[in-house]
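Which chain is which? The protein sequence lines are E and Y, in order. Heads up, the first sequence is in the numbering used here, so the first residue is 1 and it goes up one at a time. Heads up, the second sequence is in the numbering used here, so the first residue is 1001 and it goes up one at a time.
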Amino acid sequence: MTGLVVRRLVQMPFIILIVYTVTFALAWLVPGNPLESPDGRRPDQAVVDAMLAQYKLDDPVAFYFDYLGKATGVSYLLGDAPRPFDLGPSLSQSDWTVNEILAAGLPVSVSLGLAAILIALVLGLFAGVIGGLRPNTALDAGTQALAVIGISLPSFVIGVMLLILFAVKLGWFPIGGWGDLQHVVLPAFALSLPFAAYIARLTRFGMIDEMRKDYIRTARAKGLPERRVAMGHALRNAFLPVLSSLGPATAIAMTGSFVIEKVFAVPGIGRNFVDAVMAKDITLIMGVVLVYSILLVLFNLIVDVLYSWIDPRISL
Amino acid sequence: MLKIFVPILVLASLIAVVVSLDDERPRADVVLVHGTDLFTLDPQRMSYLHDLRASRAIYEPLATILPDGSVGPAAAESWEVSDDASRYTFHLRSGLRFSNGDPVTAEDFKYAWRRAILPDTAATYSSLFLGIAGARDFFNWRSDLLALRAAPDRRDELVDAGSFSAEEADAILAEDGEASFRRTLDRFDEMVGLDAVDPHTLEVELAGPLPYFLDLVAFGTFSPVHRPTLEAATTIDPGTGRIEEDRSWTKPGRLIGNGPFELVRWRFQRDCRFERNPFYWNAESIPAESIEAVVIQDPNTAILAFEAGEVDWIPDVRAEYRADMIAERLAYEDRFEAILAETEDADLDRTLGTLPPPDAGERRNIHTVDAFGTDFFHVNCRERLVNGMPNPLVDPRVRRALALCIDKAALVQRVTRLNETTSGGFVPAGSIPGYQPPEGLPFDPDRGRAELDAAGWRRDDAGVRRNPDGDPFPTLDILFSTGSPRYKDLSLALRDMWRRELQIPAETSGRPGNEYRAQLEMGNFMVARGGWYGDYGDPTTFLDLNHSEDGNNHRGYASPRYDELLATAAATIDPEARFRILEEAERILVEEDLPILPLCTYVTVYMYEPDRLLGLTRHPRLDQHPGRWSVRR
Chain E
1 MTGLVVRRLV
11 QMPFIILIVY
21 TVTFALAWLV
31 PGNPLESPDG
41 RRPDQAVVDA
51 MLAQYKLDDP
61 VAFYFDYLGK
71 ATGVSYLLGD
81 APRPFDLGPS
91 LSQSDWTVNE
101 ILAAGLPVSV
111 SLGLAAILIA
121 LVLGLFAGVI
131 GGLRPNTALD
141 AGTQALAVIG
151 ISLPSFVIGV
161 MLLILFAVKL
171 GWFPIGGWGD
181 LQHVVLPAFA
191 LSLPFAAYIA
201 RLTRFGMIDE
211 MRKDYIRTAR
221 AKGLPERRVA
231 MGHALRNAFL
241 PVLSSLGPAT
251 AIAMTGSFVI
261 EKVFAVPGIG
271 RNFVDAVMAK
281 DITLIMGVVL
291 VYSILLVLFN
301 LIVDVLYSWI
311 DPRISL
Chain Y
1001 MLKIFVPILV
1011 LASLIAVVVS
1021 LDDERPRADV
1031 VLVHGTDLFT
1041 LDPQRMSYLH
1051 DLRASRAIYE
1061 PLATILPDGS
1071 VGPAAAESWE
1081 VSDDASRYTF
1091 HLRSGLRFSN
1101 GDPVTAEDFK
1111 YAWRRAILPD
1121 TAATYSSLFL
1131 GIAGARDFFN
1141 WRSDLLALRA
1151 APDRRDELVD
1161 AGSFSAEEAD
1171 AILAEDGEAS
1181 FRRTLDRFDE
1191 MVGLDAVDPH
1201 TLEVELAGPL
1211 PYFLDLVAFG
1221 TFSPVHRPTL
1231 EAATTIDPGT
1241 GRIEEDRSWT
1251 KPGRLIGNGP
1261 FELVRWRFQR
1271 DCRFERNPFY
1281 WNAESIPAES
1291 IEAVVIQDPN
1301 TAILAFEAGE
1311 VDWIPDVRAE
1321 YRADMIAERL
1331 AYEDRFEAIL
1341 AETEDADLDR
1351 TLGTLPPPDA
1361 GERRNIHTVD
1371 AFGTDFFHVN
1381 CRERLVNGMP
1391 NPLVDPRVRR
1401 ALALCIDKAA
1411 LVQRVTRLNE
1421 TTSGGFVPAG
1431 SIPGYQPPEG
1441 LPFDPDRGRA
1451 ELDAAGWRRD
1461 DAGVRRNPDG
1471 DPFPTLDILF
1481 STGSPRYKDL
1491 SLALRDMWRR
1501 ELQIPAETSG
1511 RPGNEYRAQL
1521 EMGNFMVARG
1531 GWYGDYGDPT
1541 TFLDLNHSED
1551 GNNHRGYASP
1561 RYDELLATAA
1571 ATIDPEARFR
1581 ILEEAERILV
1591 EEDLPILPLC
1601 TYVTVYMYEP
1611 DRLLGLTRHP
1621 RLDQHPGRWS
1631 VRR
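Quick look at the structure:
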């Protein structure tokens, strides 16, 4: 297992470098000018030239290496930069550096994403086990129907419905924003639904499959109560496919919540990415993509480690 | 089995920890919504409306725009204007202090204005400062200096162009960036008519008479900055000589201003909070203790937050159903028509607040207020189109025909559904005290058809309009940007009106924003969606747009008569006479030449309870001052 972790960690910089290069090429090719304000008011040409020179936007090759050096900390080690891991100033949000933007948004996105996965796990496992233990009953059909709704309803519809019901009509939760656990509940719930539905289906099929197997018959034969047969034996195996889906799902939940962030006014990094692409804010695009890819690689690694821990038969 | 729940527990505790690290404060006295975060709190680099509004909380320029649109004193207690309106002497209030207690002096204003003029700062609104004597030459000189340091091989070229003497160019190339910057500061003092005579007196010499200079001075970019803070954040690149600023000086704890409030919190894309500045000269008269702007991108969520009482003011309601909400407002107004008809616009909120609350299907918390902008369509006035074809719109009679066949009332009632004030002129009516924009052309299809006939485009037996050579009227192409449904709807409506009333073929073409702008700037259009917001309280903020040499004259309109009138006005010192000349220029624009087809005054849709939020002005400049707001709870 140590071997795998080391191998993955060694691979990581190369994966990130490829992501960096491809993203940079795409971002550079996006038409438009990051220094142009959307209201169409254009500063004097001398001003535009000054800005282009300041951000090294006049030379892609120089920009590529300069940014790479600063972002990785190499420039810092060489003594060319005052700080390591400097992702540069945002081009469209000129009072902020990309580091500041990520530092503000990342904890929010991460906790929202984790909360959503948590809710998804609870809901999904619960619904999946119920359906899996009593396949083709009304209860199963009911949970399946809910799962289909969870997958197919777009999150902005669910989001607005949740807001109107629980925030405006009942007043249980604030409308939007961020600050305490109350702010997390509605967006996390809305964000969790598709994941919950997916987990429910995986668990249901897993349970149906496992419950037919020989070791379950053995467990029953030795007189274990049905609850322990299901939860202790079958679920443990049925959970494995769920677990392997959790790595990417967690990364997606933490990063792909653009719509949820917008509807619930959550100050995460998802919408920064969309805004950055719209504004061709190259430094911010690069920063967000780098963080996304690091998260994705890390979560896949964590899941692999968890995998062998939960199922000792798997050796890494 | 327990193992499965371990990750779940770890997750839950992680979330609890992260969330509990957040910093919560009590609700501010006034909470408003920003659709997107502030762009900058550096006054000299501002250009967005909400940035400039925030600047009025934390900074105060020499003068201010009063609720009726006129100019009043602010950081300056008084001023003198020379008879030829080209020299202004400002007297600062005594005892003015920054939010850290440091005194505010004339030198701070000079420093800030110099920042705005320096091309290094890349200020969008640097052009507003170029009316100061020598400012434009200084701007160009500094740009050339930077160009020279960046590319020494351009020395001969720049010397030949007269930017520098040969000795000066060599000296610049020989010195380091720091020395070049000192040279720049000396040059500024020599060239630019800006002088801090003593700590309380700022003298400004203009390049020519600018009767509206006081209005400019009240604009946010003319605010002072705290010199020690800025100097600490500034470095000079030793090679290029360019000024580089550490922009984090605009963050709470570092930003020091002279306005009624100080910045206590600014969290990216989330919120910013201002609390009363105890050092402000007029602190006792500021009604609100604290003001907070929360970022809510989704227009619908903003309205839900308002309905739930979490915010007091939405300065820009963009929800798709806003037209329906406005209809509810009109229903409410209908009920009290008699009372409201007698109410002055400035007292409207107070009167509304005393009326009985709205019934179901009515509301009084949505407000459409005229803005300082005009919605119009551009008409290409060039001889030929970009594709080389002759342009029928080069004939002013054809352009008038288009204007005469626009049913503006129908557009605002049935297309935009915002009931904007329709407009025949370019400068919004009532926005500039003392200026009376012309009526423009009415909706008169018969006259429109007559103009088209007179231009030689007569209908043949088949009903096709042809010129005397027998060529059919080319398809009128209407260019619009696809970003907003408003422009698509308006373009389709115009297409139908012109097809119906003038019997000419017309089509629309929608392009994404960037491409639309590129086409517009290239002149590759016949008719195109337009729109303009004024920057300062003078008609020229609109009229300059049609000067033959203006950078925003995308229409290729070149009228010596019009340019001449603008030049005469610029040389006229008497404000009354000057306005009459500008009115004549605008009349030519919107009644004779029609390079633009004005439709209506833009509106801004506000949402607030008129009996709760006080202190907003309805004057079209919409210069809202946080220091005037209060909420009754």
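Where a beta carbon is used, it is the ideal one built from N, C-alpha and C, also for glycine. Since the structure is predicted, the reported quantities are computational estimates derived from the model, not experimental observations.
C-alpha distance - residue i paired with residue j, whole-angstrom precision
{"i": "D95 (chain E)", "j": "W1266 (chain Y)", "result": "11 Å"}
{"i": "E1024 (chain Y)", "j": "G179 (chain E)", "result": "6 Å"}
{"i": "V1398 (chain Y)", "j": "N1514 (chain Y)", "result": "29 Å"}
{"i": "A1570 (chain Y)", "j": "E1586 (chain Y)", "result": "14 Å"}
{"i": "I151 (chain E)", "j": "A116 (chain E)", "result": "14 Å"}
{"i": "L1230 (chain Y)", "j": "A25 (chain E)", "result": "36 Å"}
{"i": "F189 (chain E)", "j": "I119 (chain E)", "result": "7 Å"}
{"i": "L1009 (chain Y)", "j": "V110 (chain E)", "result": "16 Å"}
{"i": "Q1624 (chain Y)", "j": "D1189 (chain Y)", "result": "35 Å"}
{"i": "D1324 (chain Y)", "j": "D275 (chain E)", "result": "29 Å"}
{"i": "P1556 (chain Y)", "j": "N1524 (chain Y)", "result": "Note that residue 1556 (chain Y) is Gly in the sequence shown, not Pro. Spanning the two alpha carbons is a distance of roughly 11 Å."}
{"i": "A238 (chain E)", "j": "R7 (chain E)", "result": "29 Å"}
{"i": "H1547 (chain Y)", "j": "I1588 (chain Y)", "result": "12 Å"}
{"i": "F273 (chain E)", "j": "M254 (chain E)", "result": "13 Å"}
{"i": "L17 (chain E)", "j": "V259 (chain E)", "result": "29 Å"}
{"i": "T203 (chain E)", "j": "F195 (chain E)", "result": "12 Å"}
{"i": "N1552 (chain Y)", "j": "F1473 (chain Y)", "result": "28 Å"}
Min CB distance residue i to chain Y below 8 Å
{"i": "W178 (chain E)", "result": "yes"}
{"i": "K213 (chain E)", "result": "no"}
{"i": "P312 (chain E)", "result": "no"}
{"i": "D95 (chain E)", "result": "yes"}
{"i": "V148 (chain E)", "result": "no"}
{"i": "N237 (chain E)", "result": "no"}
Selection from the options that minimises the alpha carbon distance to residue i
{"i": "F1261 (chain Y)", "options": "Y:V1104, Y:Q1269, Y:R1273", "result": "Y:R1273"}
{"i": "L1385 (chain Y)", "options": "Y:E1521, Y:D1574, Y:S1548, Y:D1068", "result": "Y:E1521"}
{"i": "W1281 (chain Y)", "options": "Y:Y1602, Y:L1582, Y:L1062", "result": "Y:L1062"}
{"i": "T1235 (chain Y)", "options": "Y:D1246, Y:V1225, Y:R1227, Y:P1152", "result": "Y:D1246"}
{"i": "S1078 (chain Y)", "options": "Y:A1057, Y:A1171, Y:R1056, Y:E1203", "result": "Y:E1203"}
{"i": "E261 (chain E)", "options": "E:S155, E:A138, E:G79, E:P82", "result": "E:S155"}
{"i": "D1084 (chain Y)", "options": "Y:G1208, Y:P1103, Y:M1046, Y:L1014", "result": "Y:G1208"}
{"i": "A1634 (chain Y)", "options": "Y:R1183, Y:L1214, Y:L1049, Y:S1126", "result": "Nothing about residue 1634 (chain Y) can be reported from this structure: the residues present for chain Y run from 1001 to 1633 only."}
Supposed contact pair residue j and residue i - C-beta distance, whole angstroms, cut 8 Å
{"i": "P1428 (chain Y)", "j": "P1620 (chain Y)", "result": "5 Å"}
{"i": "V263 (chain E)", "j": "D1298 (chain Y)", "result": "5 Å"}
{"i": "G113 (chain E)", "j": "V98 (chain E)", "result": "Rounded, the Cβ-Cβ distance is 20 Å, inconsistent with contact."}
{"i": "L1502 (chain Y)", "j": "G1448 (chain Y)", "result": "6 Å"}
{"i": "N1419 (chain Y)", "j": "T1368 (chain Y)", "result": "7 Å"}
{"i": "F1480 (chain Y)", "j": "R1517 (chain Y)", "result": "The Cβ separation is near 12 Å, so there is no contact."}
Whether residue i touches residue j by CB criterion (8 Å)
{"i": "Y1606 (chain Y)", "j": "I1314 (chain Y)", "result": "yes"}
{"i": "V1379 (chain Y)", "j": "D1489 (chain Y)", "result": "no"}
{"i": "V1632 (chain Y)", "j": "R1618 (chain Y)", "result": "Here residue 1632 (chain Y) turns out to be Arg, not Val, going by the sequence shown. Contact: no."}
{"i": "P84 (chain E)", "j": "G73 (chain E)", "result": "yes"}
{"i": "E1328 (chain Y)", "j": "V168 (chain E)", "result": "no"}
{"i": "N300 (chain E)", "j": "P248 (chain E)", "result": "yes"}
{"i": "G1510 (chain Y)", "j": "T1475 (chain Y)", "result": "no"}
{"i": "G3 (chain E)", "j": "G105 (chain E)", "result": "no"}
{"i": "G1425 (chain Y)", "j": "V1590 (chain Y)", "result": "yes"}
{"i": "L91 (chain E)", "j": "Y55 (chain E)", "result": "yes"}
{"i": "T1354 (chain Y)", "j": "S1423 (chain Y)", "result": "no"}
{"i": "Y1435 (chain Y)", "j": "P1598 (chain Y)", "result": "no"}
Within-8 Å CB hit, residue i to chain E
{"i": "F1268 (chain Y)", "result": "yes"}
{"i": "N1300 (chain Y)", "result": "yes"}
{"i": "D1042 (chain Y)", "result": "yes"}
{"i": "F1480 (chain Y)", "result": "no"}
{"i": "F1473 (chain Y)", "result": "no"}
{"i": "L1304 (chain Y)", "result": "yes"}
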